[in-house]
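Residue numbers (this note's numbering), protein chains in the order written: chain W, 48 to 462; chain G, 210 to 532. Where a beta carbon is used, it is the ideal one built from N, C-alpha and C, also for glycine. Structure first, then comments.
What follows is the structure, given as structure tokens:
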């Protein structure tokens with residue numbers, strides 16, 4: 048009897064010790080349709096390498112906007128996750144509000160961090176006032192997706208390199224009976240495609256706290272969009288419907304982020320899919336906005352073990368093997384040279400469609416966020432404005448530009 | 210010896226007893242009152258106060274901006290679209306869903322046992338979660354691979370093409386439904402009616418059971434022979450209180466429409482904001498964009514509308530619909 052009690056006590060204390068050793072960190076990420084497979088693929092290696100860290104996944108964020116909001120609400124309610132994945136353009140507000148924590152102390156403690164393969168250019172996307180606040184996890188660039196079967200049927204053999212060629216291709220395809228030649232991803236998160244058209248002219252959408260929608264470049268961008276939408280008679284599809292239609296083989300050309308490549312390939316119907324570089328206004332674009340997300344430390348825990356575990360997780364998913372999974376399961380590029388050049392050397396040769404975005408890396412520019420508390424509201428104003436072009440509600444671009452400028456000024460902190 | 214006036218003694222003790230009773234009464238009501246105050250009134254007051262600020266979630270402080278939020282509600286074109294969408298929805302959905310509800314109730318009521326089957330069928334959409342239904346509708350309304358347009362395409366090449374709608378659809382493709390600013394709000398209205406009229410039907414059925422048979426007999430003896438006359442003279446007046454209740458409830462529910470819009474257009478509230486109803490505006494401003502100030506202002510306006518409707522209902526119930 049006494050032996051049994053002793054044994055039970057021992058067993059209990061053993062589990063207690065075990066429980067103490069196991070550190071639990073909480074983590075949340077956006078876009079489950081893209082990333083679920085990535086994390087699933089990563090977890091076995093992570094669990095094997097760090098058996099004492101348990102990663103609890105919270106409900107995924109629907110979008111980057113949702114990600115920012117959820118974290119802001121959680122900050123008010125006091126239940127922030129330890130690590131969160133945020134859109135590259137939404138890091139600034141979290142840094143401003145003091146929710147995201149600087150990674151500088153962790154990086155300082157790490158020997159040879161640079162040699163771990165982090166691209167300086169990509170790290171700079173998450174650097175604020177000389178301190179690194181986030182480690183980029185996945186980087187994307189806009190590309191063209193082409194359904195070669197439809198293109199050939201419509202009489203197009205060469206991929207377009209400028210928007211004028213795209214419009215010409217649309218009209219040829221229309222003439223040859225293709226009903227739905229194009230989807231142009233204007234409704235992608237964070238006004239990304241507007242920024243793409245502005246960066247194509249080497250113009251930033253935010254300059255010194257001023258939103259440059261009043262610039263001549265912005266007017267060019269608006270007019271270019273109008274030409275595409277009208278010249279191609281583009282249907283106003285929401286992006287989920289468009290991705291579904293493209294995967295089903297109903298759309299000829301889709302301009303979207305390279306990030307969806309994994310998801311599109313997984314649900315692809317019977318057709319030949321080819322990706323091509325993002326067309327430019329005249330010739331190749333001068334720059335393109337970097338999409339994607341970065342891992343940020345938002346842990347409110349005082350326990351050094353938890354913070355250390357959070358850093359370990361953060362480092363694992365953004366470097367080496369962890370990051371390589373990003374490229375293998377999605378269309379994103381890992382932000383990490385080591386992953387890109389060493390582990391994935393053969394991978395890109397076998398997957399030329401994923402190579403397209405990598406080729407465009409020299410064009411990489413910042414995906415900018417609008418300043419102030421109204422940042423999300425400004426995003427929506429521009430979104431609504433472009434929607435008016437798509438639906439044909441706005442016909443005079445000059446007038447639309449004036450309206451947008453007025454509405455944005457209304458929302459800017461100093462406006 | 211001084212005789213004590215009995216009435217005087219009673220006067221002294223009676224208020225005491227009254228007092229005690231009142232105290233007990235308050236004591237017993239206190240939990241409910243406190244909860245009502247904390248759970249219902251405090252949030253409304255808080256929203257009212259916040260509507261005069263520019264508070265944004267996550268900020269350490271806020272500024273008082275006076276009536277600026279309200280001023281924006283009445284000057285910006287976005288909010289104009291909000292009123293148009295909200296009132297279009299209410300004005301369409303309420304009469305049709307009340308009318309269909311009444312019609313279905315009368316028909317079902319006139320049936321015997323078999324009526325139960327109809328009751329169940331019509332009530333099914335009410336029981337289903339609107340959000341889940343919205344997702345099912347979204348699949349059906351997909352412009353190229355959805356069931357609705359696929360079905361419409363089957364009419365191509367047949368005599369249906371004499372109808373302009375089919376002729377246009379076959380030539381240039383059928384509408385995008387959810388992506389078309391001319392159709393979006395009507396699609397939402399249709400789903401609102403489809404979903405809501407079964408509920409109204411059940412309410413009317415309950416009202417119909419309380420109409421006395423004798424009234425019909427009396428009406429018939431007085432010469433009301435046709436069904437329409439019986440309806441006009443007996444059923445409709447007798448259903449008065451039910452109708453007022455159904456209309457009010459339908460109005461409030463129509464003002465509250467949100468699930469379908471959120472499921473169809475999580476960003477923006479429909480093409481060109483054509484389905485940007487008030488509840489969605491509150492959600493977009495207050496929850497999606499963290500702008501608590503303007504979100505609270507829309508909430509207060511929303512409460513005002515609903516309160517106004519409730520007052521009209523009270524007024525109607527009290528004055529004329531009693532029989």
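Secondary structure at residue 380 of chain W: strand, using DSSP grouped into helix, strand and coil.
Within the DSSP secondary-structure output, residue 257 of chain W pairs in a beta bridge with W:254. Residue 158 of chain W sits in coil when the DSSP states are folded into three classes, being neither helix nor strand. Separation of the CB atoms of residue 309 of chain W and residue 229 of chain W is rounded to 22 Å, and the pair is thereby denied contact status at 8 Å.
Secondary structure note for residue 309 of chain G: its alpha helix (DSSP H) is the uninterrupted segment 286–319. Residue 365 of chain G and residue 323 of chain G have their C-alpha atoms spaced approximately 38 Å apart. Excluding its 5 nearest sequence neighbours in each direction, residue 386 of chain G has C-beta neighbours in its own chain below 6 Å: 350, 392, 396, listed in chain order.
Boundaries of the alpha helix (DSSP H) harbouring residue 93 of chain W: 79–96, taken from the DSSP string.
Residue 414 of chain G is not a Cβ neighbour of residue 337 of chain G, given a cutoff of 7 Å.
For residue 389 of chain G, the chain W residues whose Cβ falls inside 8 Å of its Cβ are 283, 438, in order along the chain.
Assigned with DSSP and collapsed to three states, residue 432 of chain G falls in coil, not helix or strand. Close partners of residue 435 of chain W in chain G (Cβ separation under 8 Å): 481.
Cβ neighbours of residue 481 of chain G within its own chain (closer than 8 Å, five residues either side excluded): 290, 390. Contact check between the segment 486–501 of chain G and the segment 415–429 of chain W: three or more CB pairs, one atom from each, fall below 8 Å, which counts as touching. Under the Cβ criterion of 7 Å, residue 265 of chain G is counted among the residues facing chain W.
When DSSP states are grouped into helix, strand and coil, residue 265 of chain G belongs to the strand group. Distance check between residue 339 of chain W and each of W:107, W:199, W:219, W:111 places W:111 closest, using alpha-carbon atoms only. Residue state for residue 75 of chain W is assigned as strand, using DSSP reduced to three classes. Restricting attention to G:377, G:512, G:477, G:383, the CA atom closest to the CA of residue 428 of chain W is found in G:477. If you ignore the 5 residues before and after residue 411 of chain W, its C-beta comes within less than 6 Å of the C-beta of 337, all in its own chain and listed in chain order.
The DSSP-derived three-state label of residue 342 of chain W is strand.
Residues of chain W with a Cβ closer than 9 Å to the Cβ of residue 496 of chain G are, in chain order, 116, 120. Beta-bridge annotation (DSSP): residue 192 of chain W is paired with W:301, W:322. For residue 220 of chain W and residue 398 of chain G, the gap between their C-alpha atoms comes out near 36 Å. Nearest C-alpha to residue 330 of chain G among G:267, G:281, G:394, G:408: G:408. By the CB criterion at 7 Å, residue 305 of chain G and residue 402 of chain G fall inside the cutoff. Look at the segment 352–377 of chain G: the residues with a C-beta under 8 Å from a C-beta of chain W are 352, 353, 354. A straight-line Cα-Cα distance of about 7 Å links residue 417 of chain W and residue 253 of chain W. Secondary structure at residue 104 of chain W: strand, using DSSP grouped into helix, strand and coil. The segment 278–298 of chain W makes contact with the segment 345–359 of chain G: 3 or more CB pairs, one atom from each, lie closer than 8 Å. Between residue 281 of chain W and residue 293 of chain W, the CB-CB gap reaches or exceeds 7 Å. Per DSSP, the continuous alpha helix (DSSP H) segment holding residue 469 of chain G begins and ends at 468–473. Separation of residue 376 of chain W and residue 287 of chain W (C-alpha to C-alpha, rounded to the nearest whole angstrom) is 19 Å. Of all residues in the segment 439–457 of chain W, only 440 place a beta-carbon less than 7 Å from a beta-carbon of chain G. Neighbours of residue 421 of chain W in chain G, taken as residues whose beta carbon is under 9 Å from its own, are 265, 498, 500 in chain order. As a beta-bridge residue in DSSP terms, residue 178 of chain W pairs with W:175.
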